[in-house]
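Below is one structure, written out as structure tokens; comments come after it.
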């Protein structure tokens, strides 16, 4: 029994490790010269790593938590102490205790009530079957906001909230996708919270280590620099054509984002594509500013900020736990990510430095700056995850996790649980490994 | 809005039936996001718009009901 896995991110490697453990002969083709997909580590100072991609987890992320224990990786809390900075008007920033923005609490409460109502109306395991699905799938979140949000503070905050939560511009996602995303991730409170929520912990030393350790266990079964061009199936198996040759196997797992899965030449062709014209890349650029020390803490500041104007729409203290350098991570999301990603590198640095200096007066010049543009990553096409636009769930949803004969699907976008998160990717890897084991093992015995 | 009505709002938002007149919202797992939903429910029911600091000052149904009464 042999299986080819396409993509060495969390989903692909979880699937490959699960299959290998059941005695399946696996080959993993990875397009990049590294494993990890949308997890990626940057060493900002000797031995100090930050997450250029996915970073956070909470206690409901049970598959990831179990995998970390298996791989002997630890977590570190994202504890925030100190006051926040908010630049939500024309000013350079206001200091306020806690994480709550200086906006009308009643207006934000109405926004969250409305989002909670969307969450409660959706069927997580099959959003396209939700009550009113057809209408919610036609409407964009931007159109919904114009109709439902009256208070200017709610209108100001909604795109910032969506950008931070799912790296989306409100015009890019359908209301059905927004509702589904909330439900899938455990609701607005869980998705939004650091303590007691989905951002409670980081992985000590960086999230990239998960894939590195999974790949180390698979050894030379993982082949880097091998973008897959075609998957041809016949009655007996699949032929997976990569850059330097092809491999024959009983089945294949495609564990790449939907728009990338559509670049593979599938024969026979897919009955329904994996993505549509309105499927957008998750719009995230992550900026890491490295300082000799987290000096904002001496001023009683947590490093957390929320800003109406870019490029850094929010910042968070991501300093490594060892007490060395200070790292301020800036999130550039939604529409702002497109604008910022198009700038020359020098201009990107200048804008990020200037904004950080306005937000946290008295900071020295950064000693390092790393800009990770996920929007234009050829082998991710966006981050945190694909954004399902109008019509996508109705058309693509019913087949997202349904095998195309011998081609099986994994990836965080195929998981209705914790869609878009590391947890969703890992659950999809487990699901697909069990699916293949059940389907082909049974045939092996009875053929 | 009396203390029972405020308690009901706490129960709904916290999704926890175990709320009494002296339950502290933030001790019971309430965070700033959930707090805004309490404040919007109060505004809808009583017309009184409290802010986040008011709630921090008066985090129990009984204290919050007094605050609402004093501003109504």
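Residue numbers (the numbering used here), protein chains in the order written: chain S, 1 to 447; chain A, 1001 to 1072.
Ideal placement from N, C-alpha and C gives every residue a C-beta, glycine not left out.
These figures come from a predicted structure and were not determined experimentally.
**Message:** For the pair the region 55 to 71 of chain S and the region 338 to 357 of chain S, tell me if three or more CB-CB distances fall below 8 Å.
**Reply:** no
**Message:** In the DSSP output, which residue or residues are listed as bridge partners for residue 315/S?
**Reply:** 305/S, 330/S
**Asked** What in chain S is Cβ-close to residue 1032/A, meaning under 8 Å?
**Response** 98, 99, 100
**Message:** Does residue 379/S come out as helix, strand or coil in the three-state DSSP assignment?
**Reply:** coil
**Item:** Residues bridged to residue 1015/A [DSSP beta-bridge criterion]
**Value:** In the DSSP output, where bridge partners are listed per residue, residue 1015/A has none listed.
**chain A contact for residue 447/S (CB, 8 Å cutoff)** = Because residue 447/S sits at a pLDDT of 47, beneath the cut-off of 50, its placement in the model cannot be relied upon, and the following sentence gives the value as read from the coordinates. So no, residue 447/S is outside the interface.
**Message:** Less than 6 Å between C-beta atoms, sequence neighbours within five positions excluded: which residues of the same chain meet that for residue 1015/A?
**Reply:** none
**Proximal residues to residue 1043/A (C-beta, below 7 Å), its chain only, five neighbours per side dropped** = 1049
**Request:** Measure from the C-beta of residue 331/S to each C-beta in chain A and report whether the shortest distance is under 8 Å.
**Result:** no
**Request:** Return yes when the C-beta of residue 95/S is under 7 Å from any heavy atom of the ligand GDP, and no when it is not.
**Result:** No copy of the ligand GDP occurs in the structure displayed, which carries no ligand at all.
**4 or more residues per run - each alpha helix (DSSP H) lying fully within the region 192 to 236 of chain S** = 208 to 218
**Asked** Do you know offhand how far residue 113/S's Cα is from residue 1047/A's?
**Response** 17 Å
**Request:** For the region 59 to 116 of chain S, list the beta strand (DSSP E) runs that are entirely contained and at least 3 residues long, ordered along the chain.
**Result:** 75 to 77, 83 to 87, 94 to 96
**DSSP bridge partner residues for residue 286/S (one or two, in chain order)** = 331/S, 372/S
**Nonlocal neighbours in the same chain, by C-beta distance under 8 Å from residue 362/S, ignoring five residues either side** = 295, 299
**Message:** Can you tell me whether residue 267/S is helix, strand or coil according to DSSP?
**Reply:** strand
**Asked** On the three-pair Cβ rule with 8 Å, is the region 137 to 154 of chain S touching the region 399 to 410 of chain S?
**Response** no
**Message:** By the DSSP assignment, the beta strand (DSSP E) with residue 49/S in it spans what residues?
**Reply:** 48 to 51
**Asked** Given that a residue counts as buried once 16 or more other Cβ atoms are within 10 Å of its Cβ, and exposed if not, what is residue 26/S?
**Response** buried
**Neighbour-count burial assignment, residue 447/S, 16 or more Cβ in a 10 Å radius** = Because residue 447/S sits at a pLDDT of 47, beneath the cut-off of 50, its placement in the model cannot be relied upon, and the following sentence gives the value as read from the coordinates. When all chains shown are included, residue 447/S counts as exposed.
**Prompt:** Based on the DSSP secondary-structure assignment, which residues constitute the bridge partners of residue 174/S?
**Reply:** 140/S
**Item:** Proximity of residue 41/S and residue 52/S at Cβ, strictly below 8 Å
**Value:** yes
**Request:** My understanding is that residue 9/S touches residue 34/S, with C-beta atoms under 8 Å, so please give their C-beta distance in whole angstroms.
**Result:** Residue 9/S to residue 34/S, Cβ: 10 Å. No contact.
**Contact list for residue 1018/A against chain S, beta-carbon separation under 7 Å** = Here the premise fails: no neighbours, minimum Cβ distance about 17 Å.
**Item:** Close beta carbons around residue 270/S, own chain, < 7 Å, minus the five adjacent residues each side
**Value:** 404
**Request:** Could you tell me which chain A residues have their CB closer than 9 Å to the CB of residue 231/S, listed as they occur along the chain?
**Result:** Neighbours of residue 231/S on chain A: none; closest Cβ ~44 Å, over 9 Å.
**Request:** Determine the DSSP secondary structure at residue 29/S, reduced to helix, strand or coil.
**Result:** strand
**Request:** May I have the straight-line CA-CA distance separating residue 425/S from residue 256/S, to the nearest angstrom?
**Result:** 10 Å
**Message:** Restricting to Cα atoms, I'd like to know which of 221/S, 245/S, 228/S, 251/S is closest to residue 235/S.
**Reply:** 251/S
**Prompt:** Beta-carbon of residue 1057/A versus every beta-carbon of chain S: anything under 8 Å?
**Reply:** no
**Asked** Taking buried to mean at least 16 other C-beta atoms within 10 Å of its own C-beta, is residue 192/S buried or exposed?
**Response** buried
**Message:** Using only the alpha-carbon positions, how far apart do residue 435/S and residue 181/S sit?
**Reply:** 24 Å
**Message:** DSSP three-state label for residue 300/S, please.
**Reply:** coil
**Message:** With a threshold of 8 Å between beta-carbons, can residue 1025/A be considered close to chain S, or not?
**Reply:** no
**Prompt:** When Cβ atoms are compared, which residues of the region 1001 to 1012 of chain A fall closer than 7 Å to chain S?
**Reply:** none
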